[in-house]
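Encoded as structure tokens, the structure appears first; notes follow it.
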Amino acid sequence: MATILIADDNRQITSILGEYARNEGFEVKIAYDGKSAKEMFERFTPDIVLLDVMMPQMDGFEVCREIRRQSNVPIIMITARGEDFERIMGLDIGADDYIVKPFSPGEVMARVRAIMRRSMPEDKKSSQILEYDNLKINMEDYSVTINNKSVLLTKKEIEILWMLVSNKNKVFTRENLLNSLWGYDYYGDSRTVDSHIKRLRSKLGECENWEIKTIWGVGYKFEVKKDE
């Protein structure tokens, strides 16, 4: 399991980003000031860092410099200020990307996925391919096959399928899926999830060893009928 360090003194932001990251399969470590961020990085050696600029004790630029002295781990800097000189400085001292508040948590996670894919060693890129029984999902090219035959799905349908299959037998509420895949700033409701699941099931058809099962009053899960 990959580890992400989220460093920000705003606890609401760390809570939201932490939930999104866990739903992406990350182990989450959180720091609320720069000094703690540096110490937690050295202790846990995370795979990627989300680093706020304005933090007490040490600012994000200083933390970024400290990390770069010992590691090439991907760093995304987050700030409430969007001046060009700050972005340039952040990138010049070693940040891989720069996000200005307010932001969509979904966009942050999309950037995390993109940077992780670019920085991933070739022998580990298979983690972007998920297989169970006759089902194969490839997030590198957003393709899905069943019995080696291509299944035409939308981007959102593939993201839903990936989340469910990568957490076999775990139940996701409609709200959890909605927030994770559409974002907290999405103005739709849980019926959006239901309609996507309905179309997804129709396209996948029935399979002997697995199904996307409705847990009435709760949500959905990828149920394994006969484990490998």
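Under the working numbering, think of the first position of the sequence shown as 110, with each following residue one higher. No residue lacks a Cβ here, since even glycine has one placed at the ideal position from N, Cα and C.
Tell me whether the beta-carbon of residue i lies closer than 9 angstroms to the beta-carbon of residue j.
i	j	result
V274	L244	yes
M225	A204	no
L200	P155	no
L286	I321	no
I125	F150	no
R227	I202	no
Taking only the alpha-carbon atoms, compute the straight-line gap between residue i and residue j and give it to the nearest angstrom.
i	j	result
S145	V172	10 angstroms
Q179	Y129	28 angstroms
R222	G326	32 angstroms
S311	L262	11 angstroms
R300	N256	30 angstroms
Y207	N288	23 angstroms
D142	Q121	14 angstroms
K279	F331	7 angstroms
I197	P211	19 angstroms
E268	D168	35 angstroms
P214	E317	36 angstroms
Y251	R152	35 angstroms
V333	I246	16 angstroms
N181	I157	10 angstroms
W319	K264	21 angstroms
Y329	R131	17 angstroms
T66	L290	Given that the chain is displayed from residue 110 to residue 337, the structure contains no residue 66 and the question cannot be resolved.
V209	M272	27 angstroms
Give the single residue among the options whose Cα lies nearest to the Cα of residue i.
i	options	result
E136	G143, G127, D142	G127
V217	L114, L159, P155	L159
A189	I157, M110, Q166, D161	D161
M248	F331, A219, V333	A219
K138	E151, T112, N132, I125	T112
I306	N318, E317, F281	F281
N119	E148, M164, N132, R131	M164
Q237	T123, E133, S124, M149	E133
K147	I125, V333, I184, R131	I184
Q166	K265, V182, A140	A140
S259	G314, V209, L290	G314
E266	R131, V302, T123, F170	V302
K277	W291, F170, V209, D242	D242
Verify the CB distance criterion: does residue i have a CB-CB separation below 9 angstroms to chain C?
i	result
N318	The structure shown contains no chain C; it is built from a single protein chain.
Just mark residue i as buried or exposed, buried being the case when its beta carbon has 16 or more other beta carbons within 10 Å.
i	result
D117	buried
S304	exposed
I324	exposed
K234	Because K234 sits at a pLDDT of 49, beneath the cut-off of 50, its placement in the model cannot be relied upon, and the point is left open.
E240	exposed
M110	exposed
E284	exposed
Quick check for students: name the residue ranges of the beta strand (DSSP E) that lie wholly in the segment 141–170, counting only runs of 3 or more. 157–161
Taking the runs of the beta strand (DSSP E) that are 3 residues or longer, which of them lie wholly in the segment 206–256? If we require 3 residues or more, the beta strand (DSSP E) runs fully inside the segment 206–256 come out as 206–209, 238–241, 244–247, 252–255.
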